[in-house]
Amino acid sequence: MLGPIHNALRSFVIDYADERRRAGELEFQDLLIRACRVLESNTAVASAIRGRFRRLLIDEFQDNDPLQTRIVDAITQSEPGRAFYVGDPKQSIYRFRRADIQQFNQVKRDQQNGLTKLTQNFRSTPGVTAFVNGVFRPLMVEGGADQAGWEDLNPDRPQMTEVGQPVTVVGEEYEGPVDKTRVLEADALARMIADITASHWQVYDKALEGCRDARFADTAVLVPTRTGLRHVLPALEDRNIPYRLESRSLVYDTREIRDLLNLLRAIDDPTDQIALVAALRSPAFACADDDLHRWRQARGDWDYRRPIPRGVAEDDPVADSMRWLNELASRRWQLSVSEVVGLCIRERRLMELAVAERQPRESWARYRFLHDQARAFCDGGGSTLGEFLAWAVHQAEADTQVIESVVPEEDHDAVRIMTVHAAKGLEFPIVIFSGLNTQPRSDAPWLLWGADGRPEVRLGADLMTPGFSELWEREDKLQRDEYVRRNYVAATRARDHLIVSLYRKTGRQCDAQLIAEALQSSAAPCRLLKHNQIPEPPAIGAAPEPEPDQETWTDRQEWIAQRADALRRLSALPHESATGVAKLAAGKSAPPERQPNHEPDPDLPPWRRGRAGTAIGRATHAVLQVVDLRHYDESEIRQAANAQAAAESLSGPAADAVRRLAMRATHSHVVGQAVDANRYWRELYAAVEVDGVLLDGFIDLLYELPNGNLVVVDYKTDALQPGESVVAAAERYRLQAAAYALILQESLHRTVERCILLFLEPDEAVEIVNLPEAIADVRKTLANSTQPVVLSQ
114 MLGPIHNALR SFVIDYADER RRAGELEFQD LLIRACRVLE SNTAVASAIR GRFRRLLIDE
174 FQDNDPLQTR IVDAITQSEP GRAFYVGDPK QSIYRFRRAD IQQFNQVKRD QQNGLTKLTQ
234 NFRSTPGVTA FVNGVFRPLM VEGGADQAGW EDLNPDRPQM TEVGQPVTVV GEEYEGPVDK
294 TRVLEADALA RMIADITASH WQVYDKALEG CRDARFADTA VLVPTRTGLR HVLPALEDRN
354 IPYRLESRSL VYDTREIRDL LNLLRAIDDP TDQIALVAAL RSPAFACADD DLHRWRQARG
414 DWDYRRPIPR GVAEDDPVAD SMRWLNELAS RRWQLSVSEV VGLCIRERRL MELAVAERQP
474 RESWARYRFL HDQARAFCDG GGSTLGEFLA WAVHQAEADT QVIESVVPEE DHDAVRIMTV
534 HAAKGLEFPI VIFSGLNTQP RSDAPWLLWG ADGRPEVRLG ADLMTPGFSE LWEREDKLQR
594 DEYVRRNYVA ATRARDHLIV SLYRKTGRQC DAQLIAEALQ SSAAPCRLLK HNQIPEPPAI
654 GAAPEPEPDQ ETWTDRQEWI AQRADALRRL SALPHESATG VAKLAAGKSA PPERQPNHEP
714 DPDLPPWRRG RAGTAIGRAT HAVLQVVDLR HYDESEIRQA ANAQAAAESL SGPAADAVRR
774 LAMRATHSHV VGQAVDANRY WRELYAAVEV DGVLLDGFID LLYELPNGNL VVVDYKTDAL
834 QPGESVVAAA ERYRLQAAAY ALILQESLHR TVERCILLFL EPDEAVEIVN LPEAIADVRK
894 TLANSTQPVV LSQ
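Counted from 1, the sequence shown has number 171 at position 58 by the numbering used here; the numbering is strictly sequential.
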């Protein structure tokens, strides 16, 4: 029975590969296979390639698959000295990409005479390496010939007395459901992270050449898979601990992404009632259960293409939602997938609604992530919304196999959470390794490949080809061996501190149990903490708000009326920008025909939002908004300057001026101080009501001092007036800078310690003298203004 199925599948695979070749749609694996065939079958081609490359240097060799090694062999013809391999078999964790540790071991045996062992560890403290050696030495050795083998790590760093015991092991065995254990583990991790900052754990800082207090961003939580994160994230939020997810496989499992995908499914398929109701209940529409019940009682259908039932109020939330969905669904064929995703985020105000979340920046990052994924999908040739949704489901189900990291916010002091695969190649001052209580999968796949390249197939529990059982036993052992190596990779990401969570269910075969047994037999140095021994640090930030009382229909109507009244009142406020304050003081006013606009236009390009002034000034500000201020190089600045100059239709001397001014700013001492402060923000929109006037503006650069006070930096790109000194020019901008300080102090209740004007022509910085007096002058100017409305400049 299986013979004909084999033959049919074989023909299908070969025919499909040939179809990809004819269509010019070869995948990466196709390229490897065809390159290997050409090199092995055509000596002339192999000889020509060999003549072009005298030496082949293969880095991260433990991640290579057999095809790549065959390509190397075909080029070098096994000639001594032609190939140079670098790799660590203990870090071979990509079997799902066909990485083969047996291949690594075979090449190592073949190259025994030219083998050099690199055992020096420059990352971790001696305490961390001693723990790693003690725990993983026996686990690696027990793996036998199919495992990586073992060489002790020799630490190059000295032990820091300020750090104390660098390794902490928390947790133990518990009876009952594994979910109960995961709840305890999540609570323990949150308490440990809170204690890290509350107890001033010390980490080494290369820039300081010494130790400093740990910040949230120094800690990375590494997990094998996303299982258990649904308990960890709420535990962090309950203690006001900021965090960010930095693995794509983890981001796909968040509420924001699930809600947005449900909304997209409803748009793509009007008959998907489950997706529609889920979207209606999400923050995008915020339809409560009573709204949905009232809609259903009015005989409303779960299909937005149907007419609104009679008797349903015009402003009914479900009716409004249905109309919006129907309108966008009818337009989706004229829009790209990226445009549809962008419209959902923008028109449903998802970024604004995220402000009400405990971790708004994390929510923003997730929405931007899916929007970026949609752009990448379109750039890769994807066309329809349905295709994108199927592709997204595949990405979500790939679990740890989607290993690319999400780009973090550069100024966000937050705990980093990622999979071990995403952390490979990285290092962190403090590593918390958790999620080890998941039991390895015991169900066999339906297809395995033997060493001879022949497939073995399983159809059901008892129907399989003759060699499947034996091959599965071996495959299962190789997989468990890789889990050991994966755990080793996680432990060796730590520089100063390592925290290992061994919360597990009694009798459950899992990685936590395996490490616990190795720890008992090896006596590796560490601090052992049971759950009741974990410190209970004070709450971080503001205490959580109490649960609201049950809302009644009358309460909600009152809230709607109050909200409408507040919007009318705020819309009628006199409005002034920071740049307009100085004009008010000088008796100047904005042109009367311009209308108030309190909100930055979201449809403008990012480099134009909130900016007026000259084209050179706008382009220079745009460059300083996008370049990496910490690790910039001149080529990056030139490239960004050329792009922004082109966007402003500048060329010749004007474009040269943009490059020159941007270069001066990035090299300035003022910008250097902001970057060294670690927490800084660029092109920050800020607004506040001051004595009945809405005051707003865009702050070019804002940074936080170690004492918590703020410093405002304002770039000035215009040239000085003839005969004018920098000090005199600074006086013209005195009230503008003070207005920024007033906005920040009133809205954040933080002290603005300094305001600095950075003149890029002629490259000088001037600090506002007597800032409190300047702020008082801004208040007087606003109070004396007779203008009902003055516009943002």
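Note that CB positions come from ideal geometry on N, CA and C, so glycine has one too. Predicted model only: the values in this text are computed from it and were never measured.
Could you round the C-beta distance between residue i and residue j to whole angstroms and report it? I think they count as a contact, below 8 Å.
i, j, result
"Val784", "Leu814", "7 Å"
"Val597", "Phe546", "Contact doesn't hold; Cβ gap of about 13 Å is too wide."
"Leu611", "Pro279", "6 Å"
"Leu498", "Val450", "6 Å"
"Phe581", "Asp331", "Their Cβ separation, rounded to whole angstroms, is 48 Å, which puts Phe581 and Asp331 out of contact at 8 Å."
"Phe872", "Val882", "The Cβ separation is near 16 Å, so there is no contact."
"Arg357", "Arg529", "6 Å"
"Glu369", "Ser476", "5 Å"
"Ala636", "Gly247", "7 Å"
"Ala327", "Thr340", "Not a contact, Cβ separation roughly 27 Å."
Apply the 10 Å Cβ neighbour rule to residue i and answer buried if 16 or more other Cβ atoms are within range, or exposed otherwise.
i, result
"Gln472", "buried"
"Tyr129", "exposed"
"Gln142", "exposed"
"Asp716", "Since pLDDT at Asp716 reaches only 39, below the 50 mark, its modelled position is unreliable, and the value read off the structure follows with that caveat. Burial call: exposed."
"Leu228", "exposed"
"Gln219", "exposed"
"Gly693", "buried"
"His734", "buried"
"Asp372", "buried"
"Thr619", "exposed"
"Thr156", "exposed"
"Pro337", "buried"
"Gln514", "Note that Gln514 has pLDDT 46, beneath the 50 cutoff, so the model's placement of it is unreliable and the number below is only indicative. When all chains shown are included, Gln514 counts as exposed."
"Ser690", "buried"
"Thr274", "exposed"
"Ala527", "buried"
"Lys537", "buried"
"Asp809", "buried"
"Pro705", "For Pro705, the predicted model reports a pLDDT of 36, less than 50, meaning its position is unreliable; a value from the coordinates is still stated below. Exposed, because fewer than 16 other Cβ atoms sit within 10 Å of the Cβ of Pro705."
"Leu349", "buried"
"Gln386", "exposed"
"Gly424", "exposed"
"Asn226", "exposed"
"Tyr798", "exposed"
"Glu298", "buried"
According to DSSP, residue i sits in a beta bridge with which residue or residues?
i, result
"Thr281", "Ile612 and Arg640"
"Arg357", "Arg529"
"Ala607", "Phe541"
"Ile171", "Tyr198"
"Arg571", "Met577"
"Ala878", "Leu871"
"Asp793", "Note on identity: in this sequence residue 793 is Tyr, with Asp being the wrong assignment. Answer is Tyr816, bridged to Tyr793."
"Phe546", "Leu335 and Val613"
"Tyr365", "Answer is none; Tyr365 lacks a bridge partner."
"Asn234", "Pro268"
"Ser762", "Bridge partners of Ser762: none, in fact."
"Tyr129", "Answer by DSSP bridge pairing: none, since Tyr129 is not bridged."
Is residue i near the ligand GTP, with its Cβ less than 8 Å from a heavy atom?
i, result
"Phe249", "Of the ligands one can find in the structure shown there are none, so the ligand GTP has no counterpart to examine."
How is the alpha helix (DSSP H) around residue i delimited, first residue to last?
i, result
"Phe141", "Phe141 to Ser154"
"Asp813", "Counting along the chain, Asp813 falls outside any alpha helix (DSSP H), though it belongs to the beta strand (DSSP E) covering Val806 to Glu817."
"Ala603", "Phe581 to Ala604"
"Lys221", "Ile214 to Asp223"
"Tyr480", "Pro473 to Asp492"
"Ile206", "Segment: none, Ile206 is in no alpha helix (DSSP H) and carries neither H nor E."
"Trp408", "Asp402 to Gln410"
"Trp562", "No alpha helix (DSSP H) holds Trp562; the beta strand (DSSP E) holding it covers Leu560 to Trp562."
"Met776", "Pro766 to His780"
"Trp437", "Pro430 to Arg444"
"Val740", "That residue, Val740, is in no alpha helix (DSSP H); it is neither H nor E in DSSP."
"Arg270", "Neither: Arg270 is in no alpha helix (DSSP H) and is coded neither H nor E."
"Ile421", "First-last for Ile421: undefined, no H or E at that position."
Give the range of the beta strand (DSSP E) segment to which residue i is assigned.
i, result
"Asp318", "Gln315 to Asp318"
"Lys829", "Leu823 to Lys829"
"Leu855", "No beta strand (DSSP E) holds Leu855; the alpha helix (DSSP H) holding it covers Arg847 to Leu861."
Segments of 4+ residues assigned as alpha helix (DSSP H) that fall wholly inside the segment 283 to 345 = 291 to 311
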